[in-house]
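The structure under discussion appears below in the form of structure tokens.
Chains as they are written, first to last, in the numbering used here: chain Z, 2 to 465; chain S, 2 to 465.
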């Protein structure tokens with residue numbers, strides 16, 4: 002598929018490995034914590050550090066894009082081949098908060114290497130996985146003898162991902178023409194395990210709502226009035242309980258409209274993964290599985306739409322008892338969506354479903370938060386095949402396919418740019434994202450470098 | 002039925018009315034707030050004041066009974082007739098907290114008379130309704146020419162009713178032989194309205210429980226795990242929702258075992274009361290009625306057992322959203338019981354019902370608080386007829402019959418002493434129990450005096 006000699010890539014990476022790791026360590030020392038205002042200057046410093054490093058790498062265009070919050074970095078390296086496809090890499094340069102007191106064995110902003118792993122905040126999420134693109138594109142050039150990449154390469158590295166990306170969609174809309182691409186590579190995920198390289202094919206979407214219920218004008222005596230007036234806490238509970246049938250299927254009419262069911266091929270691929278339920282339960286800190294009848298645990302979290310109660314509250318919750326009928330109650334729900342579902346349709350369905358279930362005497366208000374669309378790239382999409390092929394070549398074995406149960410700004414890129422979103426990540430579940438002692442495995446990081454060294458040439462052919 | 006000349010009673014009451022009201026005002030000035038430790042001395046002072054006043058009234062035995070909390074007052078006036086039945090009057094001398102700042106027009110502990118009503122904390126609940134027994138028994142003696150009451154008369158006036166009567170049951174058990182009676186008159190309730198004197202025939206019982214549910218060891222990500230593990234907030238909601246069927250009947254198996262259904266006669270008596278639903282809803286501060294199919298609102302709150310959600314909580318309840326599967330949830334339920342139901346049976350049924358509905362992976366703990374038994378005196382009980390007759394004589398019209406939806410320590414007296422419990426109250430719903438500007442109508446208070454002036458002679462015959 003690609004004519005890049007693997008041995009040249011290997012040699013190039015080995016030659017530049019120390020400089021690459023030293024540079025990454027320098028970046029990791031910048032505590033670019035977007036959630037903490039006292040790190041605002043650090044987040045800016047991180048953006049400018051990255052822009053300079055990308056220029057040094059060879060990107061002829063590097064810009065720091067301001068937002069009402071933290072800045073993003075944009076870089077572009079056009080291919081000399083005018084017919085080359087355009088690829089946009091997405092990542093982020095901000096990190097989660099971290100402090101020694103949280104349980105870090107060493108300073109989270111002073112990277113150390115132990116047992117072949119770099120320990121530092123952002124090592125895996127996401128600086129390491131952004132940074133492998135710098136050495137990767139150089140290796141691609143070295144191995145192919147090119148002076149420009151085989152694809153028009155763009156990078157967008159935002160600075161607010163760990164704060165919920167509040168300005169990301171607006172940023173992408175404002176710069177849509179600069180960001181235009183034939184494919185988006187999200188470089189902010191992981192793979193199944195060290196022994197099982199995988200490519201993620203999609204993420205679930207998200208609809209969130211809060212249902213406020215008001216009954217009596219104040220808490221009233223459950224002896225004097227109990228059994229004779231509607232109780233908003235009971236109504237909240239009845240709504241939450243009515244969300245699912247006995248097969249744990251969501252009962253909201255129209256909820257499943259458009260859902261793309263799993264193909265036999267994809268079910269087979271999911272079934273091939275070395276899934277250990279008790280290990281999964283340990284990760285979930287849970288004590289049993291429960292979900293939609295007819296689907297496996299992985300199918301449930303990756304490929305099925307769900308409804309969850311994120312919060313419920315009403316009446317007295319303190320110690321002991323209080324015999325009241327509460328004046329109000331609240332129910333916070335979230336719905337995870339899969340390909341084929343539209344957030345606006347789900348919102349309408351939920352609104353109608355809830356409204357029809359609130360009895361006379363209870364006033365209700367339903368409020369939706371910003372929704373996230375699902376994204377899914379079909380298994381036979383040439384760009385997805387290209388990512389899988391390049392990763393398999395780097396790892397020396399065929400890769401599996403996963404999905405991600407969560408939701409993220411990647412879907413905004415798919416939506417705004419109208420391009421397929423692909424996921425390339427070499428992090429493993431034990432890397433401790435958002436936790437103390439976050440790490441990344443150096444060998445896996447270099448497999449990321451190697452994957453991209455093959456990927457641009459492969460994609461140039463695949464997307465031609 | 003009774004040979005007490007009404008005119009003598011009227012004259013006696015008119016003659017002593019001013020002294021009676023002055024004495025009551027003196028008592029009302031003592032802020033005997035049992036819930037506030039800085040009023041402990043006032044509660045003790047109130048007990049001793051009452052004991053002295055009962056001695057002055059003529060009770061040969063007056064005692065202040067200590068408890069681990071506030072003291073109770075016991076008084077006894079044996080009848081010279083050794084075959085006379087024994088009657089125990091129950092009331093309380095402690096009051097709810099009150100402060101000008103709560104919306105009182107005048108000092109809550111400086112009684113004032115406006116428009117024929119005494120405004121003060123405790124005027125109706127319960128000092129006024131305890132105090133009418135002092136003038137009542139004197140009027141009884143004056144009108145009958147007796148020197149001792151026609152019944153062996155006992156009074157028990159506790160000091161912790163507004164604090165949940167934590168030591169009341171132990172007090173009654175310790176003094177069961179002193180309190181032994183053929184009938185108990187609870188003098189701590191009210192009647193339908195000024196124009197509709199009524200006698201209460203019973204109170205509902207109470208079983209309270211808290212169900213604690215634990216799922217994941219900590220809140221977990223609803224994207225990564227949603228739809229695949231049991232959610233304790235959902236389980237809490239499902240329990241609460243499963244409490245009732247679509248007819249709003251409680252579904253807990255065995256819950257209705259033993260329930261004495263309303264007789265046609267009692268339903269007719271309830272239907273005769275001048276019930277105005279919109280006025281009732283205003284009192285309930287509610288905007289619609291909802292309850293067990295086949296019963297009226299009054300039947301639902303007075304004569305039907307119910308289940309209510311007093312509190313439910315789990316997961317995120319703050320502003321905005323948080324996409325978690327919560328680690329735990331709590332459900333606080335109360336069940337009101339009617340005659341024929343046993344708290345211990347209901348507790349067992351609820352425990353089994355809940356246990357069977359918690360899925361694998363969720364640990365649950367169910368905790369019951371102290372229960373209260375229901376009490377009900379049959380309409381044809383001679384003592385109830387005697388109370389109704391005496392009250393009708395004082396008010397110059399036949400009285401109706403009500404029940405009380407709430408629960409109270411009266412049931413303990415029925416249980417410990419094995420005597421029927423009767424309710425005699427002249428307070429009206431607008432008297433503002435527990436609210437600012439509590440009041441009692443002087444004319445109604447004197448009707449209370451007059452009722453007891455007839456009652457002891459009537460009961461002596463009725464219970465003979």
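Heads up, the beta-carbon is just placed ideally off N, CA and C, and yes, glycines get one too.
Residue 92/S carries a strand assignment under DSSP once its states are collapsed to helix, strand and coil. Here the alpha carbons of residue 76/S and residue 60/S stand approximately 6 Å from one another. Out of 229/S, 125/S and 460/S, the CA that lies nearest to the CA of residue 297/Z is found in 229/S. A Cβ-Cβ separation of about 4 Å places residue 71/Z in contact with residue 44/Z under the 8 Å criterion. When Cβ-Cβ separations below 8 Å define contact, residue 213/S makes no contact with chain Z. Note that the region 425-435 of chain Z does not touch the region 171-185 of chain Z; fewer than 3 beta-carbon pairs, one per stretch, sit closer than 8 Å. For residue 145/S, the enclosing alpha helix (DSSP H) covers residues 128-145. Burial is judged here by how many other beta carbons sit within 10 angstroms of a residue's own beta carbon; residue 113/Z has fewer than 16 and is exposed.
The beta-carbon of residue 218/Z is placed less than 8 Å from the nearest beta-carbon of chain S.
Residue burial is scored here from C-beta neighbours: residue 8/S has fewer than 16 other C-beta atoms within 10 angstroms and is therefore classed as exposed. Secondary structure of residue 244/S (DSSP, three-state): coil. In terms of Cβ geometry, residue 28/Z and residue 55/Z do not form a close pair [threshold 8 Å]. Between residue 130/S and residue 92/S, the CB-CB gap stays under 8 Å.
Under DSSP, residue 277/S shares a beta bridge with no residue.
For residue 164/Z, there are no C-beta contacts with chain S under 8 Å, since the nearest C-beta of that chain is about 13 Å from it. Close to residue 287/S, with beta-carbon spacing below 9 Å, are these residues of chain Z in chain order: 216, 217, 218, 221, 226, 229, 230, 231, 326 and 362. In the same chain as residue 200/Z, and ignoring 5 residues on each side of it, the C-beta atoms closer than 8 Å to its own belong to 192, 385, 388, 389, 392, 400, 401, 402, 403, 423, 424 and 425, in chain order. In the displayed model, residue 307/Z falls within a strand according to three-state DSSP. Judged by DSSP in its simplified three-state form, residue 76/S adopts strand. Residue 286/S is positioned such that its CB atom lies no closer than 8 Å to that of residue 367/Z. Secondary structure note for residue 56/Z: it is in no beta strand (DSSP E), and the uninterrupted alpha helix (DSSP H) holding it is 41-58.
For residue 118/Z, the enclosing beta strand (DSSP E) has its first and last residue at 118-120. For the C-beta of residue 274/Z, not a single chain S residue is nearer than 7 Å; the gap to the nearest is close to 15 Å. From the listed residues 319/Z, 275/Z and 308/Z, the smallest Cα separation to residue 299/Z is found for 275/Z. Residue 10/Z places its beta carbon 8 Å or farther from that of residue 85/Z. Straight-line measurement puts the Cα of residue 453/S at about 12 Å from the Cα of residue 144/S. Less than 8 Å divides the Cβ of residue 309/Z from the Cβ of residue 326/S. Within the DSSP secondary-structure output, residue 369/S pairs in a beta bridge with 210/S. Residue 435/S is classed as exposed because its beta carbon has fewer than 16 other beta carbons within 10 Å across all chains shown.
Taking C-beta atoms under 8 Å as the contact rule, residue 264/S and residue 161/S fail to qualify, at a distance of about 36 Å. Spanning the alpha carbons of residue 213/Z and residue 331/Z requires a straight line of approximately 5 Å.
Taking a Cβ-Cβ cut-off of 8 Å, the neighbours of residue 337/Z in chain S comprise 223, 224, 227 and 228, given in sequence order.
With the rule of 3 Cβ pairs closer than 8 Å, the region 333-349 of chain S counts as touching the region 371-378 of chain S. Of the residues assessed, residue 361/Z falls on the exposed side of the cut-off, its CB having fewer than 16 other CB atoms within 10 angstroms. In this structure residue 181/Z touches residue 87/Z by the C-beta definition: roughly 7 Å separates them, less than 8 Å. For residue 440/Z, the beta-bridge partners assigned by DSSP are 120/Z.
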